[in-house]
Each structure stands twice: as C-alpha cells, then as structure tokens.
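Protein chains in written order, with numbering that gives the first Met the number 0: chain A, 0 to 394; chain B, 0 to 394.
Using N, Cα and C, we set each Cβ at its ideal position, and we do this for glycine too.
Keep in mind it's a predicted model, so treat the numbers as computed, not measured.
Following: one structure in structure tokens, then a few remarks.
Number of protein chains: 2
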Amino acid sequence: MDRYLIISSDCHAGLPPERYRDYVDPQYQELFDAALPIQIERTQEAERKFLIADVNAAWRKGREQDLSGAWDSDQRLRVLDADGIVAEVIFPDGITEMNMPPFGAGLSLPTEEIVPELQWAGARAHNRWISEFCQMAPERRAGVAIVPALWDVDEAVRETRWARERGLRSILIPNYWGKHDAYHHPKYDPLWAVCQDLEMVINFHSGAAPMSDYADHQGMMGIYISEVAWWTARPLSFLIWGGVFERFPRLKVAVTEGTSIWVPELLSLLDFRYADTPYSAKLGDYRSHLKRTPSEYFHRNVFLGASCMPRRESEMRYEIGLGNIMWGSDYPHPEGAWPETATQLHETFDGLPDSELTAMLGGNAIDVYGFDRDALTTLADRIGPEKHTFSPTAS
Amino acid sequence: MDRYLIISSDCHAGLPPERYRDYVDPQYQELFDAALPIQIERTQEAERKFLIADVNAAWRKGREQDLSGAWDSDQRLRVLDADGIVAEVIFPDGITEMNMPPFGAGLSLPTEEIVPELQWAGARAHNRWISEFCQMAPERRAGVAIVPALWDVDEAVRETRWARERGLRSILIPNYWGKHDAYHHPKYDPLWAVCQDLEMVINFHSGAAPMSDYADHQGMMGIYISEVAWWTARPLSFLIWGGVFERFPRLKVAVTEGTSIWVPELLSLLDFRYADTPYSAKLGDYRSHLKRTPSEYFHRNVFLGASCMPRRESEMRYEIGLGNIMWGSDYPHPEGAWPETATQLHETFDGLPDSELTAMLGGNAIDVYGFDRDALTTLADRIGPEKHTFSPTAS
Chain A
0 MDRYLIISSD
10 CHAGLPPERY
20 RDYVDPQYQE
30 LFDAALPIQI
40 ERTQEAERKF
50 LIADVNAAWR
60 KGREQDLSGA
70 WDSDQRLRVL
80 DADGIVAEVI
90 FPDGITEMNM
100 PPFGAGLSLP
110 TEEIVPELQW
120 AGARAHNRWI
130 SEFCQMAPER
140 RAGVAIVPAL
150 WDVDEAVRET
160 RWARERGLRS
170 ILIPNYWGKH
180 DAYHHPKYDP
190 LWAVCQDLEM
200 VINFHSGAAP
210 MSDYADHQGM
220 MGIYISEVAW
230 WTARPLSFLI
240 WGGVFERFPR
250 LKVAVTEGTS
260 IWVPELLSLL
270 DFRYADTPYS
280 AKLGDYRSHL
290 KRTPSEYFHR
300 NVFLGASCMP
310 RRESEMRYEI
320 GLGNIMWGSD
330 YPHPEGAWPE
340 TATQLHETFD
350 GLPDSELTAM
360 LGGNAIDVYG
370 FDRDALTTLA
380 DRIGPEKHTF
390 SPTAS
Chain B
0 MDRYLIISSD
10 CHAGLPPERY
20 RDYVDPQYQE
30 LFDAALPIQI
40 ERTQEAERKF
50 LIADVNAAWR
60 KGREQDLSGA
70 WDSDQRLRVL
80 DADGIVAEVI
90 FPDGITEMNM
100 PPFGAGLSLP
110 TEEIVPELQW
120 AGARAHNRWI
130 SEFCQMAPER
140 RAGVAIVPAL
150 WDVDEAVRET
160 RWARERGLRS
170 ILIPNYWGKH
180 DAYHHPKYDP
190 LWAVCQDLEM
200 VINFHSGAAP
210 MSDYADHQGM
220 MGIYISEVAW
230 WTARPLSFLI
240 WGGVFERFPR
250 LKVAVTEGTS
260 IWVPELLSLL
270 DFRYADTPYS
280 AKLGDYRSHL
290 KRTPSEYFHR
300 NVFLGASCMP
310 RRESEMRYEI
320 GLGNIMWGSD
330 YPHPEGAWPE
340 TATQLHETFD
350 GLPDSELTAM
360 LGGNAIDVYG
370 FDRDALTTLA
380 DRIGPEKHTF
390 SPTAS
C-alpha cells in the first residue's frame with residue numbers, strides 16, 4: 000500500500016439549530032420552540048462578549064459550502080475526500096457554537112442551569128439524527144451518542160443499548176460532573192458493563208470545566224484554556240483508582256482533544272503513588288484492589304483523540320504510548336487541522352517510521368472504534384496521502 | 000564557609016488541641032470547650048477509617064520527645080540543630096492531625112461544613128501562639144499566619160498587618176476556594192497590596208482538595224494524592240492570568256509541599272497559551288493586560304517550598320528555576336525528611352555545584368522570607384552539614 004489510511008478520531012457534526020425540531024420527542028417540541036431563540040441569542044451574546052464574531056466570520060468567509068458538511072452528508076464526503084481522510088469519529092457541535100443540540104446537550108454537557116430531563120431530550124434528538132447521518136456512509140462514520148450519564152445510570156444504559164442498535168460506536172459522557180457523583184462511584188458499574196459488552200467506546204471530549212470558578216474577571220479565558228485539558232483527562236484518575244479497569248478489563252476510554260503532552264508525567268505520578276512509600280503508608284490501603292499499575296491500565300484501556308497533534312507530541316510517542324494515539328483533524332472547527340491538514344500532517348509526522356505512522360494515523364482508531372479495515376483500505380488507496388511524501392524510505 | 004546554611008521552607012508547629020484555649024478570644028471559649036471533644040473524636044475516626052492509627056503509632060514510638068518539638072521551643076531547637084537546619088518556615092498542623100488549630104483553621108482551611116467566623120477565631124488563636132513561639136528564636140523562625148481570606152478581604156488585610164507587627168513573615172491562604180471567589184477576582188487586590196507593601200509572602204500549602212468529589216468509594220485516597228499537587232498549584236494560573244503579578248510586581252507567592260515536577264510542563268503550557276495561535280484567536284483578548292509571559296511572572300514572583308525534594312527534581316532544577324527552589328524537611332510530619340534528613344539530602348543533592356546547593360538549601364529562602372543571613376551564617380558554621388560530603392571539590 001502506497002498511501003496512508005487516515006482516520007480522524009475527532010470530527011464534529013450537528014444540524015442547524017431549528018432542524019433539530021424534527022428529532023425531538025413530540026412532548027418537548029413546544030419547549031423546543033420556546034428555547035430556540037434563547038439558545039441562538041445566547042450564542043451570539045457569547046460571540047460578542049469574547050470579541051470573536053469577527054474572527055469566526057473571517058475564517059468562515061468563502062468556506063460556507065465546505066462548512067455545510069457539518070450536516071450535509073454529500074458535502075462532508077467531498078471535504079473529507081479532499082482532506083485524504085477515509086473515516087471519522089463524529090462528536091456533536093458541528094460548526095462549534097452554530098450546530099449544538101438543543102437543551103444544553105452539546106459537547107460540554109453542563110451540569111448547572113439545565114434541566115436534566117431536557118438535556119436528555121436534546122441528547123436523544125442528536126443521537127437520532129447522528130445515527131441516520133452515519134448510516135449514509137456507515138463504513139466511514141463512527142458516530143458518538145450523547146449520554147448525560149450523571150443523572151440516571153439506568154437511562155444511560157438504555158440509551159447506550161439504543162445507540163449500539165442504531166450502529167453508533169461510542170458514547171460521550173460528561174468529563175465534568177459538578178456536584179454529582181464522580182466516576183469511581185459504583186453506581187456507574189452497569190454503564191461500564193454495557194459499554195464493555197457492546198464494545199462501545201466511552202469518550203471524554205475537551206470543553207467542560209468549572210466555568211463558575213472563572214467568573215467574568217480579566218484573564219478568565221486564559222485560565223480556562225490553561226486548565227481545560229486537565230479537566231478533560233481528570234476522569235482517568237477516578238476510573239483507574241476506582242478499579243473500573245480492574246472490574247471491566249475490556250473497557251475502552253478515549254480522551255479527545257485534551258492534548259497528550261501530560262500523559263508521561265501523569266503516568267509517572269500515578270505509578271509513583273501506586274508504589275509503596277512512607278507517604279503512602281500513612282494513607283491506608285487504597286491500592287490492594289488494583290492488580291496492575293496505573294500506567295498498565297492506561298496503556299491497555301485508554302486512548303487519545305489527538306486532535307491537531309503537534310510535532311512535540313509525535314516525538315514523545317513512545318512515552319505517551321504508540322498504541323494509544325489516534326490522530327484527529329477536528330473538522331469543521333476553526334482551531335482544527337482542516338483545511339491545512341496536509342501541511343499539519345507533514346509538520347507533525349515527517350520522517351517517522353512507516354509502521355508508527357500507520358498506527359497513529361488510522362490503525363489504532365480501527366482497533367478502538369471497530370472500523371472495517373478492508374473497506375477503508377480500498378478507499379485509502381484512492382484518497383490517502385502518499386507515503387513517500389512523509390519519508391523517502393517508506394513504500 | 001565549609002558548611003551549608005540550611006533552611007527548611009516547610010516545617011509545622013501547633014499546640015496540643017486543649018492548649019489552644021488560652022489563645023482563643025474569650026467570646027469563643029465556651030464554643031471551644033464544646034468543640035474540642037468533637038475535633039479529637041473526628042481525628043481518631045479518620046485515623047481508624049484510613050487504617051493509619053497503627054502506622055502513625057509505630058512511626059512515633061520512641062520519638063515522643065523529638066516530636067514534642069511541635070510545640071516545645073527547646074525541644075524543637077535541639078531537633079533542628081541535630082538535623083543541621085538553622086532556620087525554618089513554620090506552618091500550622093504540628094504532628095499532622097494531632098496539633099491542628101481549632102474550628103477548622105488547620106492547614107487545609109476547608110470551605111465547607113465550617114462557620115467562617117469560627118474559622119477566623121481559630122486562625123487568630125494559632126497566629127497569637129505562633130507569633131509568641133517564633134519570638135523565642137526569632138532569627139530561626141519565620142512563622143506563617145493563617146488567613147482564611149475567602150470570606151472577608153478587609154479582615155484578611157487587618158490580620159496580615161497584625162501578623163507583620165508581631166514579627167510573622169508570611170500568610171497562608173486557602174488554595175481551594177470551593178464556591179467562593181477565585182484569586183483573579185479584583186476584590187482580593189487590597190490583600191495583594193498589603194502583602195507587597197509589608198513583604199509578606201503568600202503561601203499555598205498542600206492539603207486542600209475537593210474532598211466531596213472523592214466521597215468514600217474505593218480508591219478515593221489514590222485519587223486524592225494523585226490530584227492534590229494540582230490543587231495546591233492551581234491558584235498560580237488564576238494569579239498569573241488575572242494580572243495580579245502585573246499589578247503587584249513585588250508580590251511573592253510560595254507553593255509548598257506541592258512537588259515541583261509539574262513546573263516545566265505548566266510553564267510551557269501557559270506560555271503556549273499566551274502565544275498567538277489560531278486556537279487563541281477564537282477566544283478573544285485575554286492576554287493584552289499581561290506585559291510579560293506567564294513563565295516570566297512565575298520566575299520572578301513564585302517560589303517552591305520543595306519538601307523532601309527527590310533527586311529527579313534536583314536534576315530538573317534549571318527547568319524548574321534554580322532561584323525558585325527552596326528545600327524543606329516537613330518536620331515533624333511522618334512523610335517528611337526528618338529524621339533521615341542527612342541521607343535524603345545526599346540522595347537528592349550529591350555532586351551538584353556548590354553555588355546551586357547554596358541557593359536551593361537556604362539562599363533562596365533567605366531572600367524570599369527575609370531571614371538574617373549574618374546571624375544564620377554563624378549558626379550554620381556550627382551545625383550545618385559539611386560541604387565536602389556533598390562534593391569533593393566544594394570547599
């Protein structure tokens with residue numbers, strides 16, 4: 000094979016807000032109509048507040064047709080073909096703030112100022128649509144079902160089963176739980192069990208953080224973007240120490256768009272804490288239920304949606320875990336690789352061994368999300384980037 | 000000088016609980032009497048819960064006299080002399096859980112399940128005692144005043160002035176603010192101003208974290224000890240992005256017993272976020288009020304109380320900041336260097352250049368906390384460890 004099979008482990012899709020109406024359960028449609036203008040107004044208000052309306056408008060100008068791939072299947076296939084990407088994992092929030100599911104069911108799944116029942120209704124509306132959307136190109140699309148798992152684990156289990164039946168491959172659960180139970184609580188075990196049984200990947204995606212801490216003071220956005228990766232990966236510590244990967248050894252968790260730079264240091268820290276030291280002795284027994292070291296669980300059960308992965312992370316690939324990294328483009332978000340994907344790929348990966356590129360660019364994602372390798376290979380032979388452009392010795 | 004001048008930037012002292020009564024304002028003494036048995040019972044309960052009563056008892060056995068240095072000035076001087084330490088920064092919570100100030104005014108300054116007025120009363124009781132305690136050996140003791148700054152900034156300013164008048168050199172404020180305002184809120188400016196004017200170091204000390212997140216499930220202590228350093232250093236991001244070091248360029252902040260391993264990665268992250276990138280563009284202006292990079296503020300304004308610093312951190316000293324590291328022994332805590340201080344110092348520092356050891360072991364702490372170098376030099380000439388034992392070439 001002369002071309003790389005590239006999968007983006009982090010893409011986004013969503014309907015224009017008003018078009019979610021058809022996917023909302025009938026009993027919520029009246030509320031949907033009332034909430035829609037408020038949601039749109041809030042979005043515009045946030046754009047003005049952060050002075051980003053102009054930045055967004057400038058970036059989008061002339062790309063309107065390409066960006067409509069956020070909800071238009073044919074446009075999306077055209078854009079991905081041109082980008083050399085054969086398949087993708089699809090999260091909500093298409094063009095960032097413009098295509099969010101209704102009722103606070105967007106990527107960040109807030110825990111405050113929302114009504115759980117409505118967030119669930121919004122999640123189900125999106126899940127119905129994304130499952131249809133994925134069926135339009137099933138071998139190329141692994142859709143992510145939104146599962147606001149904090150409020151009701153039974154409901155989360157039901158929705159996960161429903162999603163699997165409709166062909167979705169994974170679920171998104173909140174990485175920020177606010178005042179709700181964290182993920183070492185045994186109440187979540189039925190959810191981990193169904194995800195393991197049905198081979199549904201559990202995703203945490205960058206976005207949520209304790210916004211009330213940041214309030215509205217100078218520099219708050221600097222604080223947010225300096226912390227947000229930590230909040231994205233925070234559940235890992237709860238899952239590892241809580242013994243979740245001990246009880247559910249085949250569970251797969253992906254941390255997406257949370258950078259990977261922190262992985263070596265986190266694993267070093269967790270393994271150090273797992274070791275027997277004078278400090279640990281005075282804290283009682285918090286380790287005997289774990290048969291493996293934290294880094295062993297990590298490398299077996301945790302994967303990284305490495306959106307727009309920078310060169311530095313590719314150079315750290317052995318410390319991070321060559322089998323754990325799944326490159327992503329973040330299309331159609333403005334901070335993503337698209338439409339400069341080719342340039343970014345070369346910056347990050349030029350000169351690396353062929354087998355390692357094969358794993359990080361697509362092989363790992365095939366294994367994690369269960370894509371059909373043969374079907375995608377045929378497509379990659381046509382649209383994937385040529386291997387020799389990354390390294391003269393690669394064939 | 001043939002010996003190192005060693006200052007511990009992290010030691011602890013506190014009275015046996017019942018003896019705080021004499022230092023509590025009269026109007027709180029009745030409540031003190033009612034609360035005392037509850038506090039003692041809770042402490043014992045925690046020991047039982049975490050199965051550490053036996054560990055603590057075994058560690059303490061035969062060391063009772065040395066440990067009484069937690070409140071006995073003469074015993075303390077004897078222990079520190081034997082340890083080769085000429086001076087110390089003294090935080091509350093002497094023998095960990097056995098010498099906490101009353102009313103929840105201990106090291107972790109909880110924000111939940113306490114009455115702010117009482118926490119203040121407990122803090123004042125400790126501050127009165129520690130200021131007396133430091134006056135018994137003023138050149139050797141930099142006492143830290145407890146200032147529960149979250150509830151009332153005016154009161155925090157008054158207590159800081161009071162503490163300075165009584166010879167204390169720094170204040171401890173909560174590193175975990177719960178639902179209260181974080182430190183980028185402009186309401187704290189009067190506190191930063193008085194600390195800058197009076198050269199009072201602001202300390203964050205490891206301990207507090209969102210305990211309610213950890214609840215009581217399996218592995219919770221593993222999660223806690225894996226996160227606690229992050230929670231200790233978290234205020235730095237709020238201070239830096241909030242422009243506090245821009246408005247108060249002479250402010251000094253110390254992060255104590257929070258490890259230092261995270262410093263290079265944090266600074267790299269903050270500086271990256273400060274740089275102009277496609278990602279930052281869509282977030283509006285959160286940078287123009289900062290004239291320096293985050294790492295420049297850090298290296299000018301932030302210092303590390305490097306308790307029981309491991310070899311790996313000493314090898315990272317240039318990336319962490321040679322001028323920012325202040326070694327500490329954590330006496331009399333069981334996880335501290337004492338009574339193996341000499342062994343630990345050699346493990347961490349053998350073979351390093353003399354001038355660098357001089358800075359990390361005491362020189363930096365002299366500058367930060369304003370110790371009297373001449374007085375301490377005389378003492379170090381008598382009790383400090385001999386330089387040639389660390390490196391054959393050091394004189």
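(request) Taking only runs that begin and end inside the stretch 61-102 of chain A, name each unbroken alpha helix (DSSP H) of 4 or more residues, in chain order. (result) The stretch 61-102 of chain A contains these whole alpha helix (DSSP H) runs: 63-66 and 72-82.
(message) Taking the straight line between their C-alpha atoms, what separation do you get for PRO100/B and ARG123/B?
(response) On the second sequence, residue 100/B is found 101 positions in, with the first residue counted as 1. On the second sequence, residue 123/B is found 124 positions in, with the first residue counted as 1. Straight across, the Cα-Cα distance linking PRO100/B with ARG123/B is about 9 Å.
(message) Counting C-beta neighbours from all protein chains within 10 Å, is the total for GLU158/B 16 or more, i.e. buried, or is it exposed?
(response) Indexing the second sequence from 1 puts residue 158/B at position 159. Burial of GLU158/B is indicated by the presence of at least 16 other C-beta atoms within 10 angstroms of its C-beta.
(message) As a quick exercise: from GLU164/B, TRP337/B, VAL146/B and TRP240/B, pick the residue whose alpha carbon is nearest that of ARG286/B.
(response) Here residue 286/B is taken as the residue at index 287 of the second sequence, counted from 1. The option with the nearest alpha carbon to ARG286/B is TRP240/B.
(message) Could you check whether the Cβ of TRP240/A sits closer than 7 Å to any heavy atom belonging to the ligand ZN?
(response) Among the components of this structure there are no ligands whatsoever, and the ligand ZN is therefore not found.
(message) Does ALA336/A pass the burial test, meaning 16 or more other C-beta atoms within 10 Å, or should it be called exposed?
(response) By one-based count along the first sequence, residue 336/A stands at place 337. That one is buried.
(request) Kindly identify the DSSP beta-bridge partner or partners of ILE324/B. (result) In the second sequence, residue 324/B corresponds to position 325, counting from 1. BP columns for ILE324/B point to LEU303/B.
(request) Ignore the nearest five residues each way along the sequence and tell me which others in TYR330/B's own chain have a CB closer than 6 Å to its CB. (result) Here residue 330/B refers to the residue found at position 331 of the second sequence. Taken in chain order, the residues that qualify are CYS10 and TRP337.
(request) Alpha carbon to alpha carbon, how far is LYS186/B from ILE201/A? Give it in angstroms, no decimals. (result) Taking the first residue of the first sequence as 1, we reach residue 201/A at position 202. Taking the first residue of the second sequence as 1, we reach residue 186/B at position 187. If you take the alpha carbons of ILE201/A and LYS186/B, they lie about 41 Å apart.
(message) Please classify PRO16/B as buried or exposed, where buried requires at least 16 other C-beta atoms within 10 Å of its C-beta.
(response) One-based indexing of the second sequence puts residue 16/B at position 17. Looking at its Cβ environment, which holds 16 or more other Cβ atoms inside 10 Å, PRO16/B is buried.
(request) Please compile the residues from chain B whose C-beta is within a distance smaller than 7 Å of the C-beta of GLY314/A. (result) Translated into positions along the first sequence, residue 314/A becomes position 315. The displayed chain sequence assigns Glu, not Gly, to residue 314/A. Chain B residues near GLU314/A: none, gap ~14 Å exceeds 7 Å.
(request) Please report the Cβ distance between ALA120/B and ALA144/B, rounded to the nearest whole angstrom; I am assuming they are in contact, meaning their Cβ atoms lie under 8 Å. (result) Numbered from 1 along the second sequence, position 121 holds the residue referred to as residue 120/B. Numbered from 1 along the second sequence, position 145 holds the residue referred to as residue 144/B. That belief does not hold up - the Cβ atoms of ALA120/B and ALA144/B are roughly 14 Å apart, past 8 Å.
(request) Using a cut-off of 7 Å between C-beta atoms, extract the partners of GLY206/A located in chain B. (result) Position 207 of the first sequence holds residue 206/A. In chain order: nothing, as chain B lies at least about 13 Å away.
(request) Quick one: using the 10 Å Cβ neighbour count with 16 as the cut-off for buried, is SER114/A buried or exposed? (result) Looking up residue 114/A in the first sequence gives position 115. Per the sequence shown, the amino acid found at residue 114/A is Val instead of Ser. It counts as exposed.
(request) Check whether the Cβ of LEU108/A lies closer than 8 Å to any Cβ atom in chain B. (result) Locating residue 108/A in the first sequence gives position 109, counting from the first residue. Chain B contact via Cβ: absent.
(request) Could you check which residue in ASP275/B, ARG246/B and SER259/B has the C-alpha nearest to that of VAL404/B? (result) This structure cannot settle anything about residue 404/B, because the visible part of chain B is limited to 0 through 394.
(message) With the cut-off set at 8 Å, would you say ILE224/A and LEU282/B are in Cβ contact?
(response) Numbered from its first residue, the first sequence carries residue 224/A at position 225. Numbered from its first residue, the second sequence carries residue 282/B at position 283. For ILE224/A and LEU282/B, yes; Cβs fall inside 8 Å.
(message) Can you pull out the residues from the stretch 184-198 of chain B whose beta carbon lies closer than 7 Å to at least one beta carbon of chain A?
(response) HIS184 and PRO185
(request) Pick helix, strand or coil for THR292/B, following the three-state DSSP scheme. (result) To locate residue 292/B, count along the second sequence from 1; it is residue 293. Coil, per DSSP.
(message) Suppose contacts are defined by Cβ-Cβ distances below 8 Å. Is LEU4/B in contact with LEU351/B by that definition?
(response) Here residue 4/B corresponds to residue number 5 of the second sequence, with the count starting at 1. Here residue 351/B corresponds to residue number 352 of the second sequence, with the count starting at 1. The answer is no: Cβ separation not under 8 Å.
(message) Based on DSSP bridge pairs, tell me the residues matched to ALA253/B.
(response) Walking along the second sequence from the start, residue 253/B turns up at place 254. Beta-bridge pairing links ALA253/B to ASN202/B and PHE302/B.
(message) Do VAL156/A and LEU190/A have their beta-carbon atoms positioned less than 8 Å apart in this structure?
(response) Here residue 190/A refers to the residue found at position 191 of the first sequence. Here residue 156/A refers to the residue found at position 157 of the first sequence. Yes, the Cβ-Cβ distance between LEU190/A and VAL156/A is below 8 Å.
(request) Return helix, strand or coil for SER8/A, following the three-state DSSP convention. (result) If you number the first sequence from 1, residue 8/A lands on position 9. It is a strand residue.
(request) Out of MET308/A, SER306/A and TYR273/A, state which residue places its alpha-carbon closest to the alpha-carbon of ARG291/A. (result) Counting from 1 along the first sequence, the entry for residue 291/A is found at position 292. For ARG291/A, the nearest C-alpha among the options comes from TYR273/A.
(message) Per the DSSP calculation, ALA141/A is bridged to which residue(s)?
(response) Position 142 of the first sequence, counted from the start, is the residue given in the question as residue 141/A. VAL88/A, per the DSSP bridge assignment.
(request) Closer than 6 Å by C-beta to TRP58/B: which residues in its own chain qualify, once you throw out the five before and the five after it? Chain order, please. (result) Sequence index remark: in the second sequence, residue 58/B carries index 59 (1-based). Result list for TRP58/B: PRO333, in chain order.
(message) By the DSSP assignment, the alpha helix (DSSP H) with LEU400/A in it spans what residues?
(response) Any property of residue 400/A remains undetermined from this structure, which presents chain A solely from 0 to 394.
(request) Provide the residue span of the beta strand (DSSP E) that contains SER169/A, from first to last. (result) The residue labelled residue 169/A in the question sits at position 170 within the first sequence. Per DSSP, SER169/A belongs to the beta strand (DSSP E) from 169-171.
(request) Taking 8 Å as the threshold, find out whether the stretch 319-326 of chain B comes into contact with the stretch 295-308 of chain B through three or more Cβ pairs. (result) The stretch 319-326 of chain B, when compared against the stretch 295-308 of chain B, does touch it at the 8 Å Cβ threshold.
(message) So that I know if they touch, is there some Cβ in chain A lying closer than 8 Å to that of ILE51/B?
(response) Taking the second sequence and counting its residues from 1, one reaches residue 51/B at position 52. Yes, because at least one Cβ of chain A sits closer than 8 Å to the Cβ of ILE51/B.
(request) Just the C-alpha distance for LEU401/B and GLY103/A, rounded to the nearest angstrom, thanks. (result) The structure shown does not extend to residue 401/B, since chain B is modelled only from 0 through 394, so no value can be given for it.
(message) Can you tell me where the alpha helix (DSSP H) holding TRP230/B begins and where it ends?
(response) Against the second sequence, residue 230/B aligns to sequence position 231. Start and end: 219-240.
(message) On a Cα-Cα basis, can you pick out the residue from ALA148/B, GLY142/B and THR231/B that is closest to ARG127/B?
(response) Taking the first residue of the second sequence as 1, we reach residue 127/B at position 128. Checked all of ALA148/B, GLY142/B and THR231/B; the closest Cα to ARG127/B is GLY142/B.
(request) If I'm right that GLY83/A touches ALA12/A with Cβ under 8 Å, what's the distance once you round it to whole angstroms? (result) Position 84 of the first sequence, counted from the start, is the residue given in the question as residue 83/A. Position 13 of the first sequence, counted from the start, is the residue given in the question as residue 12/A. No, GLY83/A and ALA12/A are not in contact; Cβ-Cβ is about 19 Å, not under 8 Å.
(message) Strictly under 8 Å for the Cβ-Cβ distance: is HIS216/A near chain B by that measure?
(response) To locate residue 216/A, count along the first sequence from 1; it is residue 217. By this cut-off, HIS216/A is an interface position.
(request) Return the Cβ separation of PRO173/A and ALA208/A in integer angstroms, given the expectation that the two are a contact with Cβ distance under 8 Å. (result) The sequence position of residue 173/A within the first sequence is 174, counting from 1. The sequence position of residue 208/A within the first sequence is 209, counting from 1. Rounded, the Cβ-Cβ distance is 11 Å, inconsistent with contact.
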